[in-house]
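Going down the list, the protein sequences come from chains Z and F. With our numbering applied, the first sequence covers 13 to 296. With our numbering applied, the second sequence covers 156 to 979. Cβ coordinates follow ideal geometry from the N, Cα and C atoms, glycine included. See below for the structure under consideration.
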Amino acid sequence: MIPAQFEYLAPTTVEEALSALAQHGDDAKIMAGGQSLLPVMRMRLNAPDYVIDLGGIDSLRGIREEGDTIVVGAMTRHVDVGNDPLLAEHAALISRAVVHLADPQVRHRGTFGGALAHADPAGDLGGPALALGAQFVVTGPGGSRTVAADDFFEDLFTTAVGDDEILTEVRIPKHTGWGAHYEKFVRVAHQWSIVAVGATVRMDGGTIAEARIGLTNMGSTPLRARAVEDALVGQPATEDAVGEAAQSAAEGTNPPSDLNGDADYRRHLATVLTRRAVLAAAQP
Amino acid sequence: MTVTEKAPDQEIGQARRRKEDQRLITGRTRYTDNIVLPGMLHLAMVRSPYAHARITSIDTDAAKASPNVIDVLTGADLGEGQGVCINAWPITPDQKTPVHLPIPSDRVAFAGEIVAVVVARSAAEARDAAELVDVDYEELPAILDLKEAVKDEVLAHPDLGTNKSALWVFDSAAAGTGGDVEEAISKARQDGVLIEREFRQQRLIPAFMEPRSVVVDPTGEQLTMWSATQIPHILRFALAATTGVPESKIRVIAPDVGGGFGGKLQATPEEWITWAIARRVGKPVKYTETRSESLMAAHHGRDQWQKLTVAARKDGTVTGLKVELLANLGAYVAIVGGGVPVLGAFMYNAIYKFPAYHFSCQTLLTNEAWTDAYRGAGRPEATFAIERMMDELADELGVDPLEVREKNWIRHEEFPFTTVAGLEYDSGNYEAATAKAKEHFGYDDLRAEQRRRREAKDRVQLGIGVSTFTEMCGLAPSRVLGSLDYGAGGWEHAEIRMLATGKVEVVTGISPHGQGHETSFSQIVADRLGVPFEDVEILHGDTAVSHKGLDTYGSRSLVVGGEALARATDKVIERAKPIAAHLLEASIDDMEFTGGRFSVRGTDKGMALTEIATAVFTGHNLPDGAEPSIDAEATYDPVNFNFPHGTHLCAVEVDTETGEITMRKYTCVDDIGTVINPLLVEGQVHGGLVQGIAQALWEEAVYNDQGTLVTGSFVDYTLPTAADTISFDTDTDSTACTTNSLGAKGVGEAGTIASTPCVVNAVVDALRPFGVHDVRMPCTPERVWKAIHDRDQDVASGAVPHFGADTGMEGVADRSTGAEGAGQ
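If you want it as structure tokens, here you go:
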């Protein structure tokens, strides 16, 4: 598995990375952990002339608290995201999802921003980021801009990040005290999600006050199950009530058909997994 | 700190840790790809993306102009000098066998077939240049389905005029081993029970850990090939037979080899091409395949449709079994090829006393990768089908599946027993293994829980799977192979070299590729010769060292190779005896050999065998005329197969809402005769179980409608990992094999053979309340869910790989022209 020849560039600042990107444009690929990029290069499905490795840019790594927001540097590794106490407390859905991503080797190499910018609809972080209303900070030659989660994922492997831009950090609004659960359905443990549902719920006594639900691999981008979210408000966290609300989980989705299941089966799974995720998230 | 392990009194039966593991696991050893020779060149293959196409032109100019490329060669360039890939087992005299050139020059017959080869100074440069070879194809209609293939409407090889390669038939009435199956069927139709089912054995990929790799050094008097193969001796023979090089000029070495599972029991185009190129350029040449190439072009396994008819009386006594197979050979008849389903022919009657049996197998050529041996080779298919049928019979009769088996199996006092397929089973005790397994498993309690869940209509249902099995292993008595028209014998060879310093070198014709033979064989020799385990060195896999041998497959290494070894040790002792008598100044009749020492009966005089080795080395004081050597060799041809058996039980929970299967318990009791090393046995059983369970639940090689392999990477070919399995409850029960002196039976394939039907039976058992009688393998959650809802279980058409031309590639490519493009 030998990739085609390429130049390896290792900038140590965002500015250097942006200038390399400006210089090489379409001939360059950005590597942010390489857990999807390297396999496709090794299979010669892709052959960039330049690989710009963001791994040497220290400022892109780390997780910090800024008021009502938890800020995750784009180059923070999955394993560090999974172990982070701030996220566990304020954005538990991220913590719950990231531990199911691929396998330990990938979680020690792959990065939070890399996975989100890769925008594989079967990836495990898009749905939770969408559900939590994350803000994506994208940096280009003219400075930084912020893109809302709803606008970030455009299509299969396509995001709002421009040709000359880099995703630098992800800002996640605090959901302190919200319960969370990520229900991932796979045949073997290390597989991409067949379908997964991330749910985070704010309880008020025995009833659901607010719910946010992100669907993984139910279309060309991560999706919010808004109809379910709306239906859940004010409902008790019971099997029947949640199950009833979850019936509309597949509304407006367009899931793929592949070796792991056809679209009908995935739609069915989405309703079951949504019910299970919400009920688990609502557990005190 | 050094821990000194006290030598046990007896090595056989000790759970010795594997002496070869450190080097094999760390990789700091002689795997083929680690071999680097001065001036060595590297190859890269250009492969057809089409399943069936005429090659109209190949432009190699750009590739030849690429940096450090020595040459680019096509099939036409290599001509007849490249030899051919052989089929060693034409199963019928009129078998249709397409010529299998390593590089065809006119037409490709499966996606992945080699059309050109690049020779360069580095592997990377060869790979780069291979991308520049421009091949024009004219696509031909491809045949990609067994049931279509049998119609002969689209031909895999138009010149042959048919896809039908061979029809192999066994009939117990004709053979005189039993009655007429059609009679049994018509009687059952009148006043008995008739069960007819069709099962699909999906296509599997052996997926060994070390990809195939080959190095050929043409310098020196002998041409030397290193290959990651299971069969160095057979390769040497095949190279001599097909490439015109005298056998005496060929040395083949299988250095350390990282797994095979039958997948490296092959004479491959890649080996033949590397051989031809090295001879042509006169320099050492290496080729190591990529994982993608391995999945696409190394041989696959299984791929059959099995139609079975069981005739029985209403009390559950089976009166006849009829088996009709369609077996996919792929594009060519591989080295064993159609022999794989034929090996299964003797096993459909399994542990049972069926009075009438008919078997037919139609082998078919298609435009898919060739198929051949894969762990169990024919026997898993047979066991799966009959054990599924016994469950179906039990369901029809409304009795416990173990009860219907017991009604039909051979009782322990009936051994030796000649089966309806004509084999003589020497020993076994199915009652004992089954009783032990039931007890370990908690069979009755789990059945009670199952009833409760069924009554409560639980969302999660419990299924209990049963499988018994036996297999013919220890391939094989040479006469039997001869009667089946196999191209070689089944004997094995061993040699003992007693070194001057008291150490022992053992040469075996067995070719280990991960099994742990260096450990188990050392234990046998240590016991037999009374030398420390650590003092025994096992040499193997090099035809210049181990000049005779028939290699490793078919659970033969211990029971055939180990027996040869035991016999060689006996000869060493015999040879040493007169020398010991001479040195001890005693009569040869008074010599006793125990614990590695010769002693004079009734005295305290004695000396160690190793001391005699030293005395022989100096040669200073030997009997008159004695040859100064106590080394010995033995060649052993087994008198019979041996027949390990076992009872496997498994409980699965099936989530009826999603189709998800969760294994709850797996118990097996295997009777493998004398256990040499229980740790190695456990390892073989665990690995075998996972491989068999993987066929039941996870693995399938899938082609799309164009004949492209969709499961061409481990993203889509879903191998299980430790995270997907549970802790198995394994045990052994021992009735010694009576046809070898070790009393051992094969264990390498046992787990794989029994576990597949056990798991599928459990899944179907869980779903019986829903009227389900079968779930196609692999039993994916989707298939289970569709079975519950009575929907077609076919895989979605238009399936594509996760990283592929229509998904990952375009996605990533899009981002190189569009958005950011960070890798995950």
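Contact check for Ser269(Z) and Asp132(Z): beta-carbon distance about 17 Å, past the 8 Å limit, so the pair fails to qualify. Taking a Cβ-Cβ threshold of 8 Å, the residues of chain F close to Gly273(Z) are Thr935, Pro936, Glu937 and Ala951, in chain order.
Looking only at His207(F), Phe416(F) and Arg178(F), the smallest Cα-Cα distance to Gly485(F) is reached by His207(F). Under the 9 Å criterion on CB atoms, His202(Z) is classed as interfacial with respect to chain F.
The beta carbon of Val224(F) does not come within 9 Å of any beta carbon belonging to chain Z, so the residue lies off that interface. Membership of Leu359(F) in the beta strand (DSSP E) is indicated by the continuous run Val348 to Leu359.
Going by beta carbons, Pro387(F) and Gly645(F) fall outside the 9 Å limit. Closer than 9 Å to the CB of Pro51(Z) there is at least one CB belonging to chain F. Counted as a single uninterrupted DSSP element, the alpha helix (DSSP H) harbouring Asp276(Z) occupies residues Ala275 to Ala293. Gly906(F) sits away from Val857(F), with the two beta carbons spaced by 9 Å or more.
Annotated three-state conformation of Val407(F) is strand, per DSSP. Here Cys934(F) carries a coil assignment [DSSP, helix/strand/coil]. Chain Z has a Cβ within less than 9 Å of the Cβ of Asp879(F).
Cβ proximity to chain Z below 8 Å picks out Val865, Thr866, Ser868, Val870, Asp871, Thr873, Leu874, Pro875, Thr876, Ala878 and Asp879 from the region 858-884 of chain F. Positions of the alpha helix (DSSP H) runs, each at least 4 residues long and wholly inside the region 41-101 of chain Z, are given as 49-54 and 90-94 in order along the chain. Identification of chain F residues near Met13(Z) by a Cβ-Cβ cut-off of 8 Å yields Thr445, Arg446 and Ser447, ordered along the chain. Across the structure, Trp460(F) and Ile246(F) are spaced so that their CA atoms are roughly 19 Å apart. DSSP, reduced to helix, strand and coil, places Cys913(F) within a helical segment of the structure shown.
The closest CA to that of Val239(F), considering only Leu179(F), Thr423(F) and Arg358(F), is found on Thr423(F). Spanning the alpha carbons of Ile340(F) and Thr464(F) requires a straight line of approximately 8 Å. For the region 808-826 of chain F, the set of positions with a beta-carbon nearer than 7 Å to some beta-carbon of chain Z reads Glu812 and Thr813 in chain order. Chain order gives the chain Z residues near His957(F) as Trp204, where near means a beta carbon separation below 7 Å.
The straight-line gap separating the alpha-carbon atoms of Val213(Z) and Ala243(Z) is approximately 13 Å. Runs of beta strand (DSSP E) with 3 or more residues, each lying fully within the region 492-552 of chain F, are found at 512-520, listed in chain order. For Gly867(F), the closest alpha carbon among the candidates Ser449(F), Arg602(F), Gly774(F) and Ile728(F) is that of Ser449(F).
Secondary structure at Met627(F): coil, using DSSP grouped into helix, strand and coil.
Membership of Arg157(Z) in the beta strand (DSSP E) is indicated by the continuous run Gly155 to Ala160. A residue is called buried once 16 or more other Cβ atoms fall within 10 Å of its Cβ, and Ser582(F) is buried on that count. The continuous beta strand (DSSP E) containing Lys477(F) extends over residues Val473 to Gly485. The continuous beta strand (DSSP E) containing Lys196(Z) extends over residues Gly191 to Phe197. For a cut-off of 8 Å, the C-beta gap from Lys562(F) to Gly471(F) is around 5 Å, short enough to register as a contact. For Met451(F), no beta strand (DSSP E) encloses it; the enclosing alpha helix (DSSP H) starts and ends at Arg446 to Ala452. The Cβ-Cβ distance between Arg608(F) and Ile619(F) does not fall below 9 Å. Proximity of Ala253(Z) to chain F, defined by a Cβ-Cβ separation below 9 Å, is not satisfied.
Non-local beta-carbon contacts of Ala161(Z) in its own chain, meaning distances under 8 Å to residues more than five positions away in sequence, involve Ala141, Leu142, Leu144, Gly145, Ala146, Gln147 and Phe148 in chain order.
Annotation: Tyr585(F) is outside any beta strand (DSSP E); the continuous alpha helix (DSSP H) that includes it extends over Tyr585 to Phe596.
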